[in-house]
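To get my numbering, take the position in the sequence shown, counting from 1, and add 6.
Each residue gets a CB set at the ideal place from its N, CA and C atoms; glycine is no exception.
Notes for the one structure printed next.
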Amino acid sequence: MQLFPTLELGWLNGWILLVFEFLIQGTLLLIFPKSVVSRLFDRSGWSVRQRVYLIFGKVFSLVTLLLIILTPLKINSGIFILGMILYVVGVVGLVVAMVNFKDTPLGQPVTKGVYTMSRHPQIVAQVIFLLGICFAIGSWVAIFTLLMSKILQHFSILAEEAVCLQRYGESYRAYLDRVPRYFLFF
Numbered sequence: 007m008q009l010f011p012t013l014e015l016g017w018l019n020g021w022i023l024l025v026f027e028f029l030i031q032g033t034l035l036l037i038f039p040k041s042v043v044s045r046l047f048d049r050s051g052w053s054v055r056q057r058v059y060l061i062f063g064k065v066f067s068l069v070t071l072l073l074i075i076l077t078p079l080k081i082n083s084g085i086f087i088l089g090m091i092l093y094v095v096g097v098v099g100l101v102v103a104m105v106n107f108k109d110t111p112l113g114q115p116v117t118k119g120v121y122t123m124s125r126h127p128q129i130v131a132q133v134i135f136l137l138g139i140c141f142a143i144g145s146w147v148a149i150f151t152l153l154m155s156k157i158l159q160h161f162s163i164l165a166e167e168a169v170c171l172q173r174y175g176e177s178y179r180a181y182l183d184r185v186p187r188y189f190l191f192f
């Protein structure tokens, strides 16, 4: 692992893993009904402050993505294997969470499947696969920027939960009390 990686354009950079994941996620978004996709990206009911946190989180996400794109994979290192394991677990988890989301009828909160273990399994899965890529490229700075983006995203998650609480009422309150925000904790 390096504090700051050597940046270069190359065929064996972290972008390869991003492209594979984006193809999977993009394909799902294309085959899902438009109503499901719009619900995934609904920001109505958010305050200006919550939107500002979202924007700052996106800036850190962009920096993370740029580091991943411009950093070669550390294929001959043990940390690469750990990174690939995390990557595969995260991508599979994201697919499962997205399918569970799609299968929930509109007008109901998503509470089935992996949503029984986490209120935000898509976010958790995203962190896992991106962390895997950060390990695969061997960059502490990429890990730092990823964690900063997710810390700021936490405020967006709070906004999303507040909107769901207003929309779904006591059934969602019971869900909040029963299921942790992120797997097994929080």
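Leaving out the 5 sequence neighbours to the left and right, which residues in its chain are closer than 6 Å to residue i when beta-carbon positions are compared?
i	result
Leu46	none
Leu158	Tyr59, Phe62 and Gly63
Val5	A query on residue 5 cannot be resolved here, the shown segment of the chain reaching from 7 to 192 and no further.
Phe66	Thr151, Met154 and Ser155
Ile149	Cys140
Looking only at its chain, what residues have a beta carbon closer than 7 Å to the beta carbon of residue i, apart from the 5 residues adjacent to it on each side?
i	result
Phe141	Ile85, Leu88, Gly89 and Leu92
Tyr174	Pro115
Val43	Leu35
Leu152	Thr70, Leu136, Leu137 and Cys140
Tyr188	Ser124, His126 and Val130
Glu14	Leu76 and Pro78
Thr117	Tyr181
Which residues share a DSSP beta bridge with residue i?
i	result
Asn82	Answer is none; Asn82 lacks a bridge partner.
Gln8	Ser145
Asn106	DSSP, once it has assigned bridges, lists no residue as partnering Asn106.
In terms of residues, what are the limits of the alpha helix (DSSP H) holding residue i?
i	result
Pro127	Pro127 to Ile143
Gly63	Val54 to Leu76
Val43	Lys40 to Leu46
Leu15	No alpha helix (DSSP H) holds Leu15; DSSP gives it neither H nor E.
Val25	Trp21 to Ile37
Looking at the C-beta of residue i, does it have a partner C-beta in chain C at a distance below 8 Å?
i	result
Arg125	Among the chains of the structure shown, chain C does not appear; only one protein chain is present.
Rounded to the nearest angstrom, how far is the Cβ of residue i from that of residue j, given a contact under 8 Å?
i	j	result
Val185	Arg125	5 Å
Ile163	Ile129	7 Å
Leu68	Asn19	Not confirmed; about 16 Å, so no contact.
Trp146	Leu24	Going by Cβ atoms, the distance from Trp146 to Leu24 rounds to 19 Å, so no, they are not a contact pair.
Ile22	Val97	Ile22 to Val97, Cβ: 13 Å. No contact.
Ser83	Gly144	6 Å
Report all residues from its chain with a CB closer than 8 Å to the CB of residue i; omit the five preceding and five following residues, and keep chain order.
i	result
Ser41	Leu112
Segment contact, 8 Å Cβ cut-off, at least three pairs: the segment 181-189 with the segment 119-126: yes
At least three beta-carbon pairs within less than 8 Å, the segment 98-115 to the segment 47-55: no
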